[in-house]
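Visitor: When the letters of the sequence shown are read in order and numbered with numbering that gives the first Met the number 0, they come out as residues 0 to 131.
C-beta: ideal position from N, C-alpha, C; glycine also.
Model, not experiment: these values are computed from the prediction.
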Amino acid sequence: MFIDKKAFSSFSVNDIDKAKEFYRGVLGLDAQPIEMGGGYSMLELNVTGGSKIMIYPKPNHTPATFTVLNFPVDDLEKTVDELTAKGVKFEQYDMGDLKTDAKGIVHGDGRGPDIAWFSDPAGNIISVLQNN
Numbered sequence: 000m001f002i003d004k005k006a007f008s009s010f011s012v013n014d015i016d017k018a019k020e021f022y023r024g025v026l027g028l029d030a031q032p033i034e035m036g037g038g039y040s041m042l043e044l045n046v047t048g049g050s051k052i053m054i055y056p057k058p059n060h061t062p063a064t065f066t067v068l069n070f071p072v073d074d075l076e077k078t079v080d081e082l083t084a085k086g087v088k089f090e091q092y093d094m095g096d097l098k099t100d101a102k103g104i105v106h107g108d109g110r111g112p113d114i115a116w117f118s119d120p121a122g123n124i125i126s127v128l129q130n131n
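1) Need the endpoints of the alpha helix (DSSP H) that Glu76 sits in, please.
2) Measuring CB to CB, does Asp132 end up less than 8 Å from Ile104?
3) Examine the Cβ distances between the segment 72-79 and the segment 24-36 and report whether three or more of them are shorter than 8 Å.
4) Is it a yes or a no for the segment 57-66 touching the segment 15-22, going by three-plus beta-carbon pairs under 8 Å?
5) Under 8 Å between the Cβ atoms of Ala121 and Val12?
6) For Asp113, which three-state DSSP category applies?
7) Less than 8 Å between C-beta atoms, sequence neighbours within five positions excluded: which residues of the same chain meet that for Tyr39?
8) With DSSP collapsed to three states, give me the class of Ile2.
9) Whole angstroms is fine: what's the gap from Asn123's alpha carbon to Phe70's?
10) What separation, rounded to the nearest whole angstrom, lies between the Cα atoms of Asp14 and Ser126?
11) Pick out whichever of Trp116, Asn45, Met41 and Gly107 has its Cα sitting closest to the Cα of Val87.
12) Taking the alpha helix (DSSP H) that Lys19 falls in, what are its first and last residues?
13) Could you work out which residue in Met53, Gln91, Lys51 and Gly27 is closest to Leu82 when comparing CA atoms only?
14) What three-state label does DSSP hand Val142 in the structure shown?
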């Protein structure tokens, strides 16, 4: 039924203008506003491979408690440093095997990828992970 259909992901934010500023200005993504009429607009993220991600405003938005976007990168340490310089705050975890270093990076040590998490202005969780 869906095998030849192109799917897309979506998630909500509480302020579409702040989201546009963050996804364009901080993350450097192609984030295009989509006017839906009646003063309602959404944001379309265009990412490599032709995938699209829709971000929509929701007045009673509750941030996702899970990772909504994952970005594989070639140099995780460099990416974390660059995002930190732009004001991004990385999450700190100390939960058994899930323990971040001072920069906010979990080192997989063969059990998984090196990964770091941060939130968008609406509190949705995003990760950057070492591309292997």
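Guide: Based on what the coordinates show:
1) Leu75 to Ala84
2) There is no way to answer for residue 132, as the model of the chain reaches only from 0 to 131.
3) no
4) no
5) yes
6) coil
7) Pro56
8) coil
9) 14 Å
10) 21 Å
11) Trp116
12) Ile15 to Glu20
13) Gly27
14) Nothing about residue 142 can be reported from this structure: the residues present for the chain run from 0 to 131 only.
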